[in-house]
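Read left to right, the sequence shown gives residues -23 to -1, 1 to 504 (mature numbering (1 follows the signal peptide of the UniProt record, and there is no 0)). Quick reminder that beta carbons are idealized off the backbone N, C-alpha and C, glycines included. Note that the coordinates shown come from a computational prediction; the quantities given were computed from them, not determined experimentally. Scroll down for the structure; my scribbles are underneath it.
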Amino acid sequence: MSISMAISLLFSLLFLNISISSAASNPTYQSLLQCLSQYINPSQNVSTILFSNTNPSYASVLQAYIRNARFNTSSTPKPVIIITPLEESHVSAAVICSQKVGFQLKIRSGGHDYEGLSYVSDKPFFVLDMFNLRSISIDMTDESAWVETGATLGELYYNIWEKSNVHGFPAGLCPTVGVGGHLSGAGYGTLMRKYGLSSDYIVDAKIVNVDGKILDRKAMGEDLFWAIRGGGAASFGVVLAYKVKLVRVPETVTVFRLERLLADNAADIALKWQSIAPTTDENLFTRMLLQPVTRNRQRTMRVTVNGLYLGNADGVVALLSKDFPELGLKNENCTEMRWIDSVLWWANFDAGTPPTALLDRNVNDADFLKRKSDYVQTPISKNGLESLWQKMVELGNVGLACNAYGGRMDEIDDKETPFPHRKGNLYKIQYSVNWNEPGNETEMNRTSQAKALHEFMTQFVSKNPRRAYLNYRDIDIGVAENWSYEEGKVYGESYFAGNYERLVDVKTAVDPNNFFRNEQSIPPRTK
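What follows is the structure, encoded as structure tokens:
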């Protein structure tokens, strides 16, 4: 061994010893370690799943699944300890011991909570990081899958594709999103108009309750099973895995993207899209993007329509030449492909990218961003759209993504799951603004723009309550400080409308002392 290698090894061992001794002198760490050791098999080294802030790997573990750079700064409150369970029993022990030690437990699946609520708190807290629990078991005999909540959507899609070219699952477009948060908050994607939401296809689940017990659907009962399919499971326990039904997709699907400026016929397309997109053939899903852009040194608006059709190009061109001639869709605008390749297309991968790309978790990747949401129930008029163009160009940075509803979404009762935004909603809007420069000045500018556009849109969107989508987390709607029923009602009715009451009843029954909580969780009625 060379002298330099020996010195390097010596420093590594010294640093490790310092970190171990620092952890040993941390009373919270010692209390948690001692408690966990009582519940976890003695043959397992419990310390390997614990990361205190003195552990050399702490920062990399914490940052790996931070998906919004706004919450990855030196001033962002950080967990006292990160718990990274390797098996189900570790989750049970973590729930029991966090309560005994007296710390709040935040639950992180993929880290895509837009407001960072799965890994940030202003009170001392632990993070239960589920990324190791990622197994996926596909059963083609009954067209189902058991998916652990630390898996990603990309991993789920890939595993389905390995078994079948004619099966898919109705879930989101971003492959790095965690299954746990996505499904528990409802989850939607390009199959929504044909099949509905991710949560509509959950047929069983395993959850760790506040007592640390692992319950399946039969053991937890239908009320709790209802609540964790769109009501945000982090209010009720730790979901370990969901069993989902797969759906059928054709061997060939078609995608297309068309862009128009106001100088073209973008305004006519935006006007017509609002009435056609939610009422056309359920095999067609479209998303309309409204974005301020600069062309020839002039600020204007760009309207982009992206589509997925469950069929061939001839079929969608014929359909839209009848329903939506203003769009001017032609065969040369369309690309036929397998459903799995459409997943890659929507995620903005280059043509020809192999499905294995869906297995890349792309850790440590985060933009600065802010998101908000709305639901539109009456088409915005031509004059209304003209005023919207002016406002968006004036603000400069915020885009709108409009996702067509209708089809199967109109057929499912709004009380079937906690997700209430069904019949009567034409489309959902996501307000989107990203930036690259750190610092409060840019953040204030961009978030203020998002708030200003949201305020401007009040005249065009749902009312009493003004509706919002839980998975587009937005703390501007309201936050809980004491977890009272009235506090929760502010954001609870936006996300869940009339289903808020039943969610409160379930919460009161299964977690009356409110151990499972975050800044927008469901409160128990006793609070």
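Q | Cβ-based neighbour list, Ala128, same chain, cut-off 6 angstroms, excluding 5 preceding and 5 following | A | Numbered from 1 along the sequence shown, position 151 holds the residue referred to as residue 128. Result list for Ala128: Arg111, Ile113 and Val156, in chain order.
Q. Which residue or residues does DSSP assign as beta-bridge partners of Arg348?
A. Against the sequence shown, residue 348 aligns to sequence position 371. Answer is Ser409, bridged to Arg348.
Q: Can you tell me the Cβ-Cβ gap for Ser176 and Thr394, rounded? I've got them flagged as a contact below 8 angstroms.
A: By one-based count along the sequence shown, residue 176 stands at place 199. By one-based count along the sequence shown, residue 394 stands at place 417. Indeed they touch by this definition, with Cβ atoms about 5 angstroms apart.
Q) What does DSSP give as the partner residues of Lys83 in its beta bridges? A) Walking along the sequence shown from the start, residue 83 turns up at place 106. Looking at the DSSP assignment, Lys83 forms a beta bridge with Val104.
Q. With Ala338 and Asp451 assumed to form a contact (beta carbons below 8 angstroms), what rounded beta-carbon distance in angstroms separates them?
A. In the sequence shown, counting from the first residue as 1, residue 338 sits at position 361. In the sequence shown, counting from the first residue as 1, residue 451 sits at position 474. The identity of residue 338 in the sequence shown is Arg, whereas the question assumes Ala. Approximately 25 angstroms separates the beta-carbon atoms of Arg338 and Asp451; this is outside 8 angstroms, ruling out the contact.
(Q) As an exercise, report each continuous alpha helix (DSSP H) stretch of at least 4 residues that is fully enclosed by the stretch 20 to 57, in chain order. (A) Those alpha helix (DSSP H) runs which fall completely within the stretch 20 to 57 and span 4+ residues are 35 to 41.
Q | Buried/exposed call for Glu470, threshold 16 Cβ in 10 Å | A | Here the question's residue 470 lines up with position 493 in the sequence shown. That one is buried.
Q: Starting from the N-terminal side, write out each stretch of the alpha helix (DSSP H) that is 4 residues or longer and does not extend beyond the stretch 91 to 141.
A: Counting whole runs of 4 or more residues, the stretch 91 to 141 contains the alpha helix (DSSP H) stretches 130 to 140.
Q. Going along the chain, which unbroken runs of the alpha helix (DSSP H) with 4 or more residues stay wholly within the stretch 233 to 313?
A. 243 to 253 and 290 to 300
Q) Whose CA, out of Tyr96, Phe103, Leu297 and Tyr16, lies closest to the CA of Glu64? A) The count along the sequence shown starts at 1 and reaches residue 64 at position 87. Comparing Cα-Cα distances from Glu64 to each of Tyr96, Phe103, Leu297 and Tyr16, the minimum goes to Tyr16.
Q) Can you tell me whether Thr167 is buried or exposed, with buried defined as 16 or more other CB within 10 angstroms of its CB? A) Here the question's residue 167 lines up with position 190 in the sequence shown. Of the residues assessed, Thr167 falls on the buried side of the cut-off, its CB having 16 or more other CB atoms within 10 angstroms.
Q: Give the straight-line distance between the Cα atoms of Ser319 and Gly131, rounded to the nearest whole angstrom.
A: For this step, residue 319 is matched to residue 342 along the sequence shown. For this step, residue 131 is matched to residue 154 along the sequence shown. Cα-Cα distance, rounded: 12 angstroms.
**Q.** Nearest-angstrom Cα separation, counted from Arg443 out to Phe493
**A.** Taking the sequence shown and counting its residues from 1, the one referred to as residue 493 is at position 516. Taking the sequence shown and counting its residues from 1, the one referred to as residue 443 is at position 466. Each residue's alpha carbon lies about 26 angstroms from the other.
Q | Straight-line gap, Gly208 to Lys183 (C-alpha atoms, nearest Å) | A | Translated into the one-based positions of the sequence shown, residue 208 becomes position 231. Translated into the one-based positions of the sequence shown, residue 183 becomes position 206. One C-alpha to the other measures close to 16 angstroms.
**Q.** Local Cβ density within 10 Å of Asn22, reported as buried at 16 or more and exposed below that
**A.** As a first step, residue 22 is located in the sequence shown; it is residue number 45 there, counting from the start. Asn22 comes out exposed.
Q. How long is the line joining the alpha carbons of Pro227 and Asn490, rounded to whole angstroms?
A. In the sequence shown, residue 227 corresponds to position 250, counting from 1. In the sequence shown, residue 490 corresponds to position 513, counting from 1. If you draw a straight line from the Cα of Pro227 to the Cα of Asn490, it comes to about 48 angstroms.
**Q.** Coarse secondary structure for His89, derived from DSSP in three states
**A.** On the sequence shown, position 112 is the one that residue 89 refers to. The answer is coil: DSSP assigns His89 none of H, G, I, E or B.
Q. In angstroms, rounded to a whole number, what distance separates the CA positions of Asn283 and Ala427?
A. Indexing the sequence shown from 1 puts residue 283 at position 306. Indexing the sequence shown from 1 puts residue 427 at position 450. Going by the C-alpha atoms only, they are around 23 angstroms apart.
Q. Grouping DSSP H, G and I as helix and E and B as strand, with all else coil, what is Ile73?
A. Looking up residue 73 in the sequence shown gives position 96. Of the three classes helix, strand and coil, the one that applies to Ile73 here is helix, per DSSP.
**Q.** Best match in Trp460, Arg47, Thr271 and Ile317 for proximity to Glu92 [C-alpha to C-alpha]
**A.** Position 115 of the sequence shown holds residue 92. Of the candidates Trp460, Arg47, Thr271 and Ile317, the one whose C-alpha sits nearest the C-alpha of Glu92 is Arg47.
Q: Below 6 angstroms CB to CB, which residues in the same chain sit around Tyr477 once its five sequence neighbours on both sides are set aside?
A: Within the sequence shown, residue 477 is the residue found at index 500, counting from 1. Around Tyr477: Gly469 and Glu470.
Q: State yes or no: is the C-beta of Cys379 within less than 8 angstroms of the C-beta of Met278?
A: One-based indexing of the sequence shown puts residue 379 at position 402. One-based indexing of the sequence shown puts residue 278 at position 301. No, these two residues do not count as a Cβ contact at 8 angstroms.
(Q) So, for Arg272: in the same chain, excluding its five sequence neighbours on each side, which residues have a beta-carbon less than 7 angstroms away from its beta-carbon? (A) Numbered from 1 along the sequence shown, position 295 holds the residue referred to as residue 272. For Arg272, where only same-chain residues beyond five positions count, the Cβ hits under 7 angstroms are Leu238.
(Q) As a quick exercise: from His431, Ser439 and Trp460, pick the residue whose alpha carbon is nearest that of Asp453. (A) The sequence position of residue 453 within the sequence shown is 476, counting from 1. The residue with the shortest Cα to Cα distance from Asp453 is His431.
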